[in-house]
Each structure stands twice: as C-alpha cells, then as structure tokens.
Amino acid sequence: MKETILGVDVTDKNYKEISESIIYDINAGKQSFIVAVNPEKVLKAQKDEKLRQLLNQATYQIPDGIGIILASKIKKGNIRERVTGIDLLFKISQMAEQHQKSIFLYGAKPEVNELAKQNLLKYYPNLNIVGTMHGYEKDEQLIIDKINESKADILFVGLGSPRQENWIIENMKKLDVSIFQGVGGSYDVLSG
Ligand code: UDP
Numbered sequence: 094m095k096e097t098i099l100g101v102d103v104t105d106k107n108y109k110e111i112s113e114s115i116i117y118d119i120n121a122g123k124q125s126f127i128v129a130v131n132p133e134k135v136l137k138a139q140k141d142e143k144l145r146q147l148l149n150q151a152t153y154q155i156p157d158g159i160g161i162i163l164a165s166k167i168k169k170g171n172i173r174e175r176v177t178g179i180d181l182l183f184k185i186s187q188m189a190e191q192h193q194k195s196i197f198l199y200g201a202k203p204e205v206n207e208l209a210k211q212n213l214l215k216y217y218p219n220l221n222i223v224g225t226m227h228g229y230e231k232d233e234q235l236i237i238d239k240i241n242e243s244k245a246d247i248l249f250v251g252l253g254s255p256r257q258e259n260w261i262i263e264n265m266k267k268l269d270v271s272i273f274q275g276v277g278g279s280y281d282v283l284s285g
C-alpha cells in the first residue's frame, strides 16, 4: 500500500516485503523503479512539480527519513519502519545472492565504484555482479550498451539526486533491466 505525504507517494512495505516483491517483479519480467523519499525531497517537491511527478512515477518510494515516519504517524498511517537506500541496497544484494539474480553497479568515481564492488562482495561472496560503470562517463550509448550486454536483473544507480532519478526515467525503456534503484551516495559509504 502507498500513503501520500504532502502529495508524494510513499510505500508502507518494509525491507523484507520490498526485496521479496522485487524478486517477484524480476521473475514476472516487470520493470520497477525504487526511489528514496526523505523530508528534504518532500519539501522540495512542494515547489517543484516536476520533482513531485518524478517521485510519484516510481514503483516503490521508500521512507528514507524519520520525518516521513512521523508524518505518517500524524496522518494515522501505517509507515512504522524507516527504509534507507543503503540498507535496501544490502537487502536486495542479499536476496539477489540467494535467488541468483545479477547486479550492475552504475555511478560514483571510478575508484569508489571499484571499492564498493569489492566491499559488497565481502558481504555477499556469491553475489553475481555482472558489470560496473563509473558515473562520469559522457557517452550515454556506451553506458546503455554495457548495461544491456551484462544482462543484469538489477541496476543500482548512484549519480546523486535528482540526476539519478531523471536518468532512470529517461533510460528505463532502453534497458533490458528489471529493477532500478537510485542509491545516491551509497557507493561512497560502501567504499569507506
Ligand atoms: N556522481 C556521479 N556522477 C555525476 C555526479 C555525481 O557518479 O555526474 C556521484 C558522486 O560521485 C557520488 C554520488 O553521485 O558518489 C552523489 O552522492 P550524494 O551524496 O551527493 O547524493 P545524494 O545521496 O545526496 O543524492
């Protein structure tokens, strides 16, 4: 179920429910887009109609911020648990390892992207990371081709917000990928 907080949709699903749902989406051949919603984005979306529409186009808007939980409580909604972008990245990686789904890491500086990959593999040694691409490549077609050639099921996009959300919406249809998650600065955290 979704709740609307100041015009922005947010899911009431928790980590387990979202990660199970995305495995279902992959198996069903569905494309899904995960976006993190925090109070800053909700406030910005009050004045920025394009941003509001962008956020509402996603399949899963995760409650990434305690302010979202408070807003839901005030509205007598059901969102009780925070779902952060980085923790969902971990949970999805764990599910991907279990269900043999493949992953592509797009975004961040080349060395950060490489370290993020190495560290993710320390947590999930059998995770199938089929490709990586740093976030400063200018040749868009090269990026699309590389992702499609990898045949990844899941694509994490870490270009910062709202760049990554715009990129996902613009390229989803060209990509043979099932799950898209905007992960912001998660690679930087993972590489540290
Ligand atoms: N980034 C990128 N390409 C760009 C601009 C930014 O890959 O053209 C990366 C940057 O290296 C960093 C991330 O996007 O890893 C942005 O992180 P930030 O914490 O600013 O994003 P937020 O979580 O605030 O959306």
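Reminder that position 113 of the sequence shown reads as 206 in our numbering, one-by-one numbering, no gaps. The beta-carbon is built from N, C-alpha and C at its ideal position, and this holds for glycine as well.
Tell me which residues share the same chain as residue i and place their Cβ nearer than 6 Å to its Cβ, disregarding the 5 neighbours each side in the sequence.
{"i": "Asp269", "result": "Asn241"}
{"i": "Lys95", "result": "Asp102 and Thr104"}
{"i": "Ile179", "result": "Ser279 and Val282"}
Drop a sphere of 10 angstroms on the beta-carbon of residue i, count the other beta-carbons inside from all chains shown, and report buried for 16 or more, exposed for fewer.
{"i": "Met188", "result": "buried"}
{"i": "Asn131", "result": "buried"}
{"i": "Lys106", "result": "buried"}
{"i": "Tyr153", "result": "buried"}
{"i": "Asp232", "result": "exposed"}
{"i": "Ala138", "result": "buried"}
{"i": "Gly285", "result": "exposed"}
{"i": "Gln274", "result": "buried"}
{"i": "Lys140", "result": "exposed"}
{"i": "Ala164", "result": "buried"}
{"i": "Pro218", "result": "exposed"}
{"i": "Leu213", "result": "buried"}
{"i": "Ile185", "result": "buried"}
Pull up the DSSP beta-bridge partners for residue i, would you.
{"i": "Leu198", "result": "Thr225 and Phe249"}
{"i": "Asp157", "result": "Answer is none; Asp157 lacks a bridge partner."}
{"i": "Gln274", "result": "Ile127 and Phe249"}
Return yes when at least one heavy atom of the ligand ZN lies under 7 Å from the C-beta of residue i, else no.
{"i": "Gly100", "result": "Among the ligands in the structure shown, the ligand ZN does not appear; only the ligand UDP can be found there."}
Here's a check: name, in chain order, each residue in its chain whose Cβ is nearer than 7 Å to the Cβ of residue i, leaving out the five neighbours to either side.
{"i": "Gln124", "result": "Met265 and Ser271"}
{"i": "Pro255", "result": "Leu144 and Leu147"}
{"i": "Ala151", "result": "Phe126, Ile127 and Val128"}
{"i": "Gln191", "result": "none"}
Could you give the DSSP three-state label for residue i: helix, strand or coil?
{"i": "Asp238", "result": "helix"}
{"i": "Ile172", "result": "coil"}
{"i": "Asp281", "result": "helix"}
{"i": "Glu207", "result": "helix"}
{"i": "Lys231", "result": "coil"}
{"i": "Asp180", "result": "helix"}
{"i": "Asp269", "result": "coil"}
{"i": "Lys95", "result": "strand"}
{"i": "Asp118", "result": "helix"}
What does a CB cutoff of less than 8 Å around residue i pick up in its chain, not counting 5 residues either side in sequence?
{"i": "Leu148", "result": "Val101, Asp102, Val128, Val130, Lys134, Ala138, Gln154 and Glu258"}
{"i": "Gly224", "result": "Phe197, Leu198, Lys239, Ile240, Glu242, Ser243 and Ala245"}
{"i": "Asp157", "result": "Ala129, Val130, Asn131, Arg175, Val176, Thr177 and Gly178"}
{"i": "Lys168", "result": "Glu96 and Ile98"}
Report task. Flag this pair as touching only if the segment 225-232 and the segment 190-205 have three or more C-beta atom pairs under 8 Å; answer yes or no. Result -> yes
Report task. Please determine if the segment 166-175 and the segment 111-129 are in contact, where contact requires at least 3 C-beta pairs separated by less than 8 Å. Result -> no
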